[in-house]
Amino acid sequence: MQNISYLTENFGKYDVFSIDSYINIGGFQSLRKAVTMDGDDIATILSDAKIKGRGGAEYPMGRKWSQARAVKRPHHCVVCNADEGETCTFKDRELITNDSFNLIEAMIIAGWAVNAEDGYIYMRAEYSHLRPRILNAIKQAEDRGFLGKNILGTNWNYKIHLYSGAGAYVCGEGTALIRSIEGKAGRPRMKPPFMKQSGLFTRPTCINNVESLSLVPHLLRDSTPYLQVGTKESTGTKLVSVGGNVNKPGVYEIAFGTTVREIIYGLAGGIQGNRKIRLIQFGGASGKISDARILDIPYSYEAFAANNLIIGSGSVLVIDERTSVIDFLRYTQDFFLHESCGQCTPCREGNRHIRIFLEKIKNGTYTDEDIQTMKTFAKVMPMSSLCGLGETAQNALKSAFNIFPEVFASRKQTEAVG
Amino acid sequence: MIEDSSKFELTDELKIKIDKILDDHHHDFTQIVGVLIDVQDEIPQHYIPKVVAFYIAEKLPLKLSVIYDCITFYDALSEKPRGRYPIEICDSIACKVNNNEFLLGALKDLLGIDFGTVTYDGRFTIEKVSCFGACDRAPAVRINKIVYGPLKTKEQVRSLLEQFV
Ligand SMILES: Cc1cc2nc3c(=O)[nH]c(=O)nc-3n(C[C@H](O)[C@H](O)[C@H](O)COP(=O)(O)O)c2cc1C
Ligand code: SF4
Ligand code: FES
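If you read the protein sequences in the order shown, they are chains V and F.
All letters in the first sequence, in the order written, are residues 58 to 475 by this note's numbering.
All letters in the second sequence, in the order written, are residues -13 to 151 by this note's numbering.
In structure tokens form, the structure reads like this:
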């Protein structure tokens, strides 16, 4: 299997506390190039590379940037979402740890492209040990004139601010995140107004994930190696966070089109104790699940969509036969029950009731009516919840209905068999 | 016994530290979450006592209700005193399927406490938290910002605890 390092090219190549060592490996060349370009042309590069947001919602990044540019209101800002709250997702941690200057360069390019005055990095409190390296990178970039007033003689002023989360998964959701930066509790709000028109401090806001942003300096430097790999609809590479019951959990960069089997058995070293796979969840707690039947499909947006899966945050959680499907669902449900902000009824109560039904299934005390009600709740929650948390909380359960129908078998049948 | 937070004494020394934190955050009320996290780090029992919340509300200034909305909303902030070394054990899926139950049992056993209580010497509390992004080190704990894992044997847990005196 071919090893690829496009986005991870700089890892280990420079001292992340020294701007000089970053400049020595070509750092800030992309920014120098960017400031000679029109923002629309930069957005076109992203669209040509078919980049979909890496935070989970998979929104086309080039389109997001050109839409942000088109908003005529003043005082634009850029937000970097470093909340990384999805379970089994830790790729942004690796990008910040090993390539902090690249992220700062990306934030500056984003600011230039959408005519922003400020950039905000919102990083989860759990990564607070990484704050010094980001603050240092900002400071050194200011000292060298890459940030601040009249950047690279362009007459353009731009600052970057670092804000901390405080242990709330829901704050990864855009409107909750901006409220958290504004100094409030991070409860999501209704859209519209959309972020691009009225986001942080009611300013036009362009929000992207760490990995999405980190791609930008690389693409401006040389997009050819990126464009040459991948599949028809999924160009380039992706970071996957592989965890659970694998022998070598970790973050790996793969070309789109690599099979799931290669990821799990090649890169991640197979399953602990050579056990069988019970299930695989892709895209974090809000992602969907399948079992070993999908091992040979390529890791790509189109193949995943065809198999009722999502790439989402890029996590690959592998669970072996020691854990039952129902236990997995209970654990996932506990997560959402805990993380729901409780502001709207379908999500707050839906999560609670589904947890009760799952408990009944586990104990064998459920009725056929319980299963029906649970299915109805799982269908209604996405339609009636205010934010993405309530909309996606039942993704795992709904895919389990398809993949593991036996878990939800009718009582009459199970009693006949038992 | 968990100490009553009303008995907490706001010393001049702590006031100076809090003033410094407020300065570092430019007295910007939008940075309240960051301010509270930094202040909590300065308090040995890692929580925000009432007197401290009042002090910040007055100094920043910001409505007390906003401060308490934040303290109660965000899991990383606490109203209740914790151990000097709060042990945050990850209770999310990657740690669960790597037997975090064993780890939890070992911790409870070695420390003789359950959730919500502090060891007699005030050193430790055990708290369940959601995934903190160390899933490649599952099962993991986090103590004062540092991640330890994977922790698979009682011996590993014991020698970890012995580091904190
Ligand atoms: C409940 C919830 C949690 C989210 N958590 C994150 C997160 O931790 N990191 C992230 O980048 N995006 C997260 N998102 C997605 C963001 O709302 C947003 O789509 C993303 O940051 C946009 O950047 P992208 O287009 O580059 O992916 C979350 C969404 C929801 C609904
Ligand atoms: S869907 Fe859930 S998390 Fe989102 S606003 Fe409603 S209660 Fe809060
Ligand atoms: S699941 Fe335990 S750190 Fe992520």
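Each residue gets a CB set at the ideal place from its N, CA and C atoms; glycine is no exception.
Note that the structure is a prediction, hence the values are computed from the model and not measured.
- Per the C-alpha coordinates, the member of V:Asp140, V:Asp200, V:Ile165, V:Ser157 positioned closest to F:Phe118 is V:Asp140.
- By the neighbour-count definition (other C-beta atoms within 10 Å, threshold 16), V:Ser456 is a buried residue.
- Setting aside the 5 residues that flank it on each side, F:Ala62 is surrounded in the same chain by Ile23, each with a C-beta closer than 7 Å to its C-beta; the list follows chain order.
- In the structure shown, F:Leu0 falls within a helical segment according to DSSP collapsed to helix, strand and coil.
- Ligand 2 approaches V:Pro245 closely enough that one of its heavy atoms is under 7 Å from the residue's Cβ.
- Fewer than three pairs of CB atoms, one per stretch, sit closer than 8 Å, so the segment 247 to 258 of chain V makes no contact with the segment 202 to 213 of chain V.
- Around V:His410, the same chain offers Phe434 as residues with beta carbons nearer than 7 Å, after the five sequence neighbours per side are excluded.
- Contact annotation: V:Gly222 and V:Ala163 have beta-carbon atoms that are not nearer than 8 Å.
- Taking the Cβ of V:Gln400 as the reference point, at least one heavy atom of ligand 2 falls within a distance shorter than 7 Å.
- Around the Cβ of V:Met440, a 10 Å sphere holds fewer than 16 other Cβ atoms; the residue is exposed.
- Ranked by how close their Cα comes to the Cα of V:Ile76, the residues V:Arg130, V:Arg190, V:Lys90 have V:Arg190 in first place.
- Burial is judged here by how many other beta carbons sit within 10 angstroms of a residue's own beta carbon; V:Arg89 has fewer than 16 and is exposed.
- Using a CB distance cut-off of 8 Å, V:Phe393 does not count as an interface residue toward chain F.
- Between the segment 458 to 470 of chain V and the segment -3 to 15 of chain F there are fewer than three C-beta pairs closer than 8 Å, too few to call the two in contact.
- Straight-line measurement puts the Cα of V:Val227 at about 33 Å from the Cα of V:Gly69.
- A distance of 8 Å or more separates the beta carbons of F:Ile112 and F:Ile129.
- With respect to the 8 Å criterion, F:Cys76 and F:Ile18 are not classified as neighbours on the basis of their beta carbons.
- Look at F:Ile79: its C-beta is under 8 Å from a C-beta on chain V.
- Distances between the C-beta of V:Val227 and the heavy atoms of ligand 1 include at least one below 7 Å.
- For V:Ala242, the C-beta contacts it makes with chain F under 7 Å involve Asp55, Cys56, Phe59, in order along the chain.
- For V:Gly445, the shortest separation between its Cβ and any heavy atom of ligand 1 lies below 7 Å.
- Excluding five sequence positions before and after V:Gly327, the CB atoms of its chain that fall closer than 6 Å to its own CB belong to Asn304, given in chain order.
- Looking at the DSSP output, F:Ile53 bridges to nothing.
- Interface flag for F:Ala124 against chain V is set, since a Cβ pair is found closer than 8 Å.
- In this structure, the alpha-carbon of V:Leu443 lies about 7 Å from that of V:Met247.
- The beta-carbon distance between V:Ile376 and V:Gly301, rounded to whole angstroms, is 5 Å. This is short enough to meet the 8 Å contact definition.
- One thing to note: V:Arg236 has its Cβ no nearer than 8 Å to the Cβ of V:Gln86.
- Closer than 7 Å to some heavy atom of ligand 1: that does not describe the Cβ of F:Ser116.
- Beta-bridge analysis with DSSP links V:His133 to V:Ala173.
- Note: V:Tyr322 is not bridge-paired with any residue in the DSSP secondary-structure output.
- Sorting V:Thr144, V:Thr154, V:Asp149 by C-alpha distance to the C-alpha of F:Cys81 places V:Thr144 at the top.
- In the DSSP secondary-structure assignment, V:Met440 is not bridged to any residue.
- Buried is the label assigned to V:Asn266, since at least 16 other Cβ atoms lie within 10 Å of its Cβ.
- Contact note: F:Gly135 does not reach chain V at a C-beta cutoff of 7 Å; the least C-beta distance is about 11 Å.
- Distances taken from the Cβ of V:Thr154 to the heavy atoms of ligand 3 include none shorter than 7 Å.
- Put simply, of V:Ser298, V:Asp72, V:Ile460 the residue whose alpha carbon is nearest the alpha carbon of V:Glu151 is V:Ser298.
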